[in-house]
Structure formats: structure tokens, C-alpha cells
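Colleague: Questions regarding the structure given below will be posed in turn.
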Amino acid sequence: MARMHTRRKGQSGSKRPMRRESPAWIGLNKGEIERTVVDLAGQGNSTSRIGLILRDRYGVPDVTLSTGKKISQILKEKAVAPKVPEDIHNLIEKALKLQKHVAANPKDMHNQRSLKNTESKIRRLEKYYHRIGVLPKEWKYSLETAEMLIAR
């Protein structure tokens, strides 16, 4: 399948081995992993960063296999989940950086196009999150209010 905003096709990536249960060599039990996830979220780490830290520092290859829940589910249960999902948050930050650049360099057509593409990705994700109920129906993205959305 071709990528949305380019004429190229995507690259295949490596896949993790198929597992149904947690490996026996993990040193942490389910409760310790959940406490570690909450502690790392309290330090300001995103969900993907938490997964990397658990893998690299604590030797937990897959939180879902070990606990039966995803990192975002654990954070929602403990009421420390972010208001905006991580993927849309990262795209909004990218759009803000591009907006500052385009304001300083108005003739940069390449980055103007990149800003439009990024905003279309945000709006597409917004529709998806409205549909599945992750974001409330009144949540709306606009470039003017994007900084306030990120600051919360």
C-alpha cells in the first residue's frame, strides 16, 4: 500500500516472535510492572517512552503479555492518562513547529505543504478518536488553539 502523502510505498519492518504468555525470565511481577508504569508516567514520560524504558532498563519485553493490559489502559485505570492521545499530541507539536517556521519563512512552499499534510493527519485522527469515543465530541483542533491543547 502506498503512503498517503508521497508516491512511495512503505517499508516492511521486523516482527516480534509470536508469543501467548509472558516469558519466565522476567524479574518483575504484574503489580511491580504496573507501579513502574505509573511512576514513569508521573515523571512525564509518554506511553511509547515508558515501553522503551521498561524494555531497556527493567527487561520487560512486552507489557501486554506480562500484565494483560496495554500501557495506556494501565494509565487510565490509575487516572494518570494524558488528555490527548500520544500520536495526535506529537502531530500537533510538529504542526506548531512548522507554523513557526512558515511564519518566519513565508516563501518556503515545501514546508507549507508539509504543514497542510500534518494538519490533515491531525483532522483524520480527530475523526477517528471521535468515532471510537477516545476524544469528546466537542474537542476540536485548530492551529490557533493548538498551543493551549498541548499545554494542558
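Residues 0 to 151 (numbering that gives the first Met the number 0) are what the sequence shown spells out, left to right.
Note that beta-carbon positions come from the ideal geometry of N, C-alpha and C, so glycine has one too.
It should be emphasised that the depicted structure is a prediction, and the values quoted were computed from it without experimental measurement.
Near S113, which residues of its chain fall below 7 angstroms by C-beta distance, leaving aside the five closest residues on each side in sequence?
Modeller: As a first step, residue 113 is located in the sequence shown; it is residue number 114 there, counting from the start. Excluding sequence neighbours, S113 sits near L97.
Colleague: Can you name the start and end residues of the alpha helix (DSSP H) that D86 belongs to?
Modeller: What you label residue 86 is simply residue 87 of the sequence shown in a count that begins at 1. First-last of the alpha helix (DSSP H) with D86: E85 to A103.
Colleague: Which term fits A40, buried or exposed, when burial requires 16 or more other beta carbons within 10 angstroms of its beta carbon?
Modeller: On the sequence shown, position 41 is the one that residue 40 refers to. A40 is buried by the Cβ-count criterion.
Colleague: Output needed for I91: all residues of its chain with C-beta closer than 8 angstroms, excluding positions within five of it in sequence on either side, in chain order.
Modeller: Looking up residue 91 in the sequence shown gives position 92. Result list for I91: V83, I121, Y140, A145, L148 and I149, in chain order.
Colleague: Using only the alpha-carbon positions, how far apart do T214 and A23 sit?
Modeller: Because the chain here runs from 0 to 151, residue 214 falls outside it and cannot be looked at.
Colleague: When the Cα atoms are used, what is the spatial distance from L129 to I87?
Modeller: On the sequence shown, position 130 is the one that residue 129 refers to. On the sequence shown, position 88 is the one that residue 87 refers to. The identity of residue 129 in the sequence shown is His, whereas the question assumes Leu. Straight-line Cα distance between these residues: approximately 12 angstroms.
Colleague: I need the straight-line Cα distance from K75 to V59, nearest angstrom please.
Modeller: Taking the first residue of the sequence shown as position 1, residue 75 is located at position 76. Taking the first residue of the sequence shown as position 1, residue 59 is located at position 60. Going by the C-alpha atoms only, they are around 20 angstroms apart.
Colleague: Hey, could you find the ends of the alpha helix (DSSP H) K126 is sitting in?
Modeller: Along the sequence shown, one-based indexing puts residue 126 at 127. Where K126 is concerned, the enclosing alpha helix (DSSP H) stretches over M108 to I131.
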